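Going by the UniProt record's numbering, the sequence shown opens with residue 1, and the numbers climb by one from there. For each residue, glycine too, the CB sits at the ideal point set by N, CA and C. Quick caveat: nothing in here was measured; it's all calculated off a predicted structure. In what follows, a structure is listed as structure tokens, so that the remarks can point back to it.
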Amino acid sequence: MKKVALYTGAYPNTTFITLLARSLASHNIEVHIYGRLLMKTKEDGKLKFFTFSNKNLVYNLMFLLRYVVLNVFSDYKTTKKFFKLIRGQSNYNQFKQSLIILPMLYHKPDIIHVQWLKAYGFFKPFKSILSSKIILSLRGVQLSVSSFLYPKYRELTIEATNHAAIIHSISDDLTNKLMEINPDVKNKILKINPAIDLNFFTLPSAKLNRGKNKPLKIISVCRLYWIKGLEYAIIALKEVIDDGIDFEYTIVGSGDMKEELQFLIYDLNLDSNIKMVGDLSPKEVREYLKTSDVFLLPSVEEGFSNAVIEAQALGLPCLVSDTEGLKENIEHGKTGFVFKRRNSTEIAEYIKRFVDMERVEYASMKHNAVRRAKEHFDVKNQITEFIRMYESV
Numbered sequence: 001m002k003k004v005a006l007y008t009g010a011y012p013n014t015t016f017i018t019l020l021a022r023s024l025a026s027h028n029i030e031v032h033i034y035g036r037l038l039m040k041t042k043e044d045g046k047l048k049f050f051t052f053s054n055k056n057l058v059y060n061l062m063f064l065l066r067y068v069v070l071n072v073f074s075d076y077k078t079t080k081k082f083f084k085l086i087r088g089q090s091n092y093n094q095f096k097q098s099l100i101i102l103p104m105l106y107h108k109p110d111i112i113h114v115q116w117l118k119a120y121g122f123f124k125p126f127k128s129i130l131s132s133k134i135i136l137s138l139r140g141v142q143l144s145v146s147s148f149l150y151p152k153y154r155e156l157t158i159e160a161t162n163h164a165a166i167i168h169s170i171s172d173d174l175t176n177k178l179m180e181i182n183p184d185v186k187n188k189i190l191k192i193n194p195a196i197d198l199n200f201f202t203l204p205s206a207k208l209n210r211g212k213n214k215p216l217k218i219i220s221v222c223r224l225y226w227i228k229g230l231e232y233a234i235i236a237l238k239e240v241i242d243d244g245i246d247f248e249y250t251i252v253g254s255g256d257m258k259e260e261l262q263f264l265i266y267d268l269n270l271d272s273n274i275k276m277v278g279d280l281s282p283k284e285v286r287e288y289l290k291t292s293d294v295f296l297l298p299s300v301e302e303g304f305s306n307a308v309i310e311a312q313a314l315g316l317p318c319l320v321s322d323t324e325g326l327k328e329n330i331e332h333g334k335t336g337f338v339f340k341r342r343n344s345t346e347i348a349e350y351i352k353r354f355v356d357m358e359r360v361e362y363a364s365m366k367h368n369a370v371r372r373a374k375e376h377f378d379v380k381n382q383i384t385e386f387i388r389m390y391e392s393v
């Protein structure tokens, strides 16, 4: 049985990584979790946790002492090398590195699957003592933005992808972006698209044939962050309402741009049409999606977006920008429409098209969306691909 460490720095992390960990553990993979433990539930029962506490310093000191003793007795030479490598670091960094690396040295996972590009920087100093193979995932903005804007992250990207045994990319566009930075690693790249639990995101067949709401209900589910491009959606909807078309737009999520977006909504006199509801539980998000007509994601940069997959699985036509994985996520003209990013006028035109769309065409889009989610984005198929990837290392 392969021992795979899924590393994100803290657990649980994003919904899709938590789903990946739990699903792999149910398929004869020994999944290790290292780093900081925020919480765990009965659904995490098959995972092996070698984690430190989020709050309990006494526990962390005892945890560290345990792994110092275990490593000294099991492999004194490597343990000695580790402490030489962290010499000169701040006390905080030494403590954190010890809490993560010492358990890894003792439990010896076959693979460390680094889920975020920048997280590779944590393992970089310890390449000489870690025997585990590295698999690196490319998931979006850390490659498509940081690696192009900042020289230090570009260098990290090159070093990380050179070191990795396999590079997991979630979309063709991210693969192409990596080729601009490090074309020498082309043969190590394996594309596996994101996926969701279709058992959770299901819609009764009868509801697929329902007509649109009046007024049209539009929804976005995302972080309130500049890369999501929500200001372009709001400006587009000002054009829509100025043409005498009514709508309801719900924005689900939180983030740094909340105040800026709230003021834009106020400034354009759209308070009665647009509401921001903050973070919601997965079940609450699902209910919002079920009662909406169109899913809108106007991102400036986007690796793929599980939220768009979830919307399609619930029979929701999607209106997305042409950035990175989004144009690969939906089927233009079949499960929704793709517009040029930062183009508010084009967004407005597609919203009007949905308003005028005949019931038969709208129902067809809903059916196509569900079909696409089932055929391309079922987590059961994704897990098979990940297991095949791990076995190839």
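### Query
So Ala160 and Ile135 are in contact, right, with Cβ under 8 Å, and what is the actual spacing, rounded?
At roughly 11 Å, the Cβ-Cβ gap does not stay under 8 Å, so Ala160 and Ile135 are not in contact.
### Backbone secondary structure at Val294 - three-state DSSP
DSSP places Val294 in strand when its eight states are reduced to three.
### Task
For Asn368, collect the residues of the same chain with a Cβ closer than 8 Å to its Cβ; drop the 5 residues on either side in sequence, then sort them by chain order.
Only Glu331, Lys334 and Thr335 meet the Cβ criterion.
### Residue burial classification, Met139 (beta-carbon count within 10 angstroms, cutoff 16)
Met is not the amino acid found at residue 139; the sequence shown has Arg there. With 16 or more Cβ atoms within 10 Å of its Cβ, Arg139 is classed as buried.
### Message
Under DSSP, the beta strand (DSSP E) around Glu30 begins and ends at which residues?
### Response
Start and end: Glu30 to Leu37.
### Query
Anyone know if the C-beta pair for Tyr11 and Ile29 falls short of 8 Å?
Going by C-beta atoms, Tyr11 is not nearer than 8 Å to Ile29.
### Query
Is DSSP giving Thr175 helix, strand or coil here?
Helix.
### Query
Among Leu178, Phe49, Phe377 and Tyr266, which residue has its Cα nearest to the Cα of Thr157?
In terms of CA proximity to Thr157, Leu178 leads the group Leu178, Phe49, Phe377 and Tyr266.
### Query
Does any CB atom of chain D fall closer than 8 Å to the CB of Phe83?
The structure shown contains no chain D; it is built from a single protein chain.
#### Entry: Identity of the residues DSSP links to Asp378 by a beta bridge
Asp378 pairs with Ile196.
### Query
Just curious, the beta strand (DSSP E) that Ala119 is in, first and last residue?
If you look at Ala119, you'll find it isn't in any beta strand (DSSP E); DSSP assigns it neither H nor E.
#### Entry: Cβ-based burial, Pro151 [other Cβ within 10 Å; buried from 16]
Per the 10 Å Cβ criterion, exposed.
#### Entry: N- and C-terminal bounds of the beta strand (DSSP E) containing His168
From DSSP, the beta strand (DSSP E) with His168 extends over Ile166 to Ser169.
### Query
If you pair each beta-carbon of the stretch 226–239 with each one of the stretch 253–270, do three or more pairs fall below 8 Å?
In this structure the stretch 226–239 touches the stretch 253–270; the number of beta carbon pairs closer than 8 Å is three or more.
#### Entry: 8 Å contact criterion, which Asn213 and Ile241 should meet: CB distance rounded
The Cβ separation is near 16 Å, so there is no contact.
### Among Leu38, Glu287, Val4 and Met39, the one whose alpha carbon lies nearest that of Val252
Comparing Cα-Cα distances from Val252 to each of Leu38, Glu287, Val4 and Met39, the minimum goes to Glu287.
### Query
How many angstroms separate the CA atom of Leu37 from the CA atom of Ile111?
Distance from the CA of Leu37 to the CA of Ile111, rounded to the nearest whole angstrom, comes to 20 Å.
### Message
Give me, in chain order, the residues of the same chain whose beta-carbon lies closer than 6 Å to that of Lys275; leave out the 5 immediate sequence neighbours on both sides.
### Response
Within the same chain, Lys275 has close Cβ partners Thr250.
### Alpha carbon of Arg223 to alpha carbon of Arg353, nearest angstrom
Taking the straight line joining both Cα atoms gives about 27 Å.
#### Entry: Option nearest Asn71 by Cα separation, candidates Gln94, Gly9 and Ile101
Of the candidates Gln94, Gly9 and Ile101, the residue whose Cα lies closest to the Cα of Asn71 is Ile101.
### Euclidean distance between Cα positions of Leu198 and Gly325
Going by the C-alpha atoms only, they are around 20 Å apart.
### Alpha carbon of Asp184 to alpha carbon of Asn162, nearest angstrom
The alpha-carbon atoms of Asp184 and Asn162 are separated by roughly 8 Å.
### Query
DSSP on Ile218, reduced to helix/strand/coil?
In the structure shown, Ile218 falls within a strand segment according to DSSP collapsed to helix, strand and coil.
### Task
Could you tell me whether the Cβ atoms of Phe377 and Pro194 are closer together than 8 Å?
Yes, the pair counts as a contact, with Cβ atoms nearer than the cut-off.
### Task
Would you kindly report the start and end of the unbroken beta strand (DSSP E) that includes residue 398?
Given a span of 1 to 393 for the chain in the structure shown, any question on residue 398 remains unanswerable.
### Task
Please confirm if the stretch 358–368 is in contact with the stretch 305–320, defined as three or more CB-CB distances below 8 Å between the two stretches.
Output reads yes: the stretch 305–320 touches the stretch 358–368.
### Query
What does a CB cutoff of less than 6 Å around Ala348 pick up in its chain, not counting 5 residues either side in sequence?
Cβ-Cβ distances below 6 Å link Ala348 to Ala236, Glu239 and Val240 in the same chain, with the five nearest sequence neighbours on each side left out; the list follows chain order.
### Query
Grouping DSSP H, G and I as helix and E and B as strand, with all else coil, what is Phe304?
Reduced to three states, the DSSP call for Phe304 is coil.
### Query
Where does Glu358 land, buried or exposed, given buried means 16+ other C-beta within 10 angstroms?
By the 10 Å Cβ count, Glu358 comes out exposed.
### Task
Report the residue ranges of all beta strand (DSSP E) runs contained in full by the stretch 211–268; include only those spanning at least 3 residues, in chain order.
Qualifying beta strand (DSSP E) stretches, in chain order: 216–221 and 247–252.
### Query
Would a C-beta distance cut-off of 8 Å place Ile218 and Leu296 closer than the cut-off?
Yes. Within cutoff.
#### Entry: Short Cβ contact (8 Å threshold) for Phe148 with His107
No.
### Query
Is there at least one non-hydrogen atom of the ligand ADP closer than 7 Å to the beta-carbon of Lys2?
In terms of ligand content, the structure shown is empty, and the ligand ADP therefore cannot be addressed.
### Task
Look up Tyr7 in the DSSP assignment and give the residues it is bridged to.
For Tyr7, which the question treats as bridged, DSSP gives the partners Val114.
### Message
Taking 7 Å as the limit between beta carbons, can you name the residues of its chain near Ile181, skipping five residues before and five after?
### Response
Non-local beta-carbon contacts of Ile181 in its own chain, meaning distances under 7 Å to residues more than five positions away in sequence, involve Ser147, Arg154, Thr157 and Ile158 in chain order.
### Beta-carbon proximity list for Ser53, same chain, < 8 Å, skipping 5 on both sides
These residues qualify, in order along the chain: Arg36, Leu37, Tyr59, Asn60 and Phe63.
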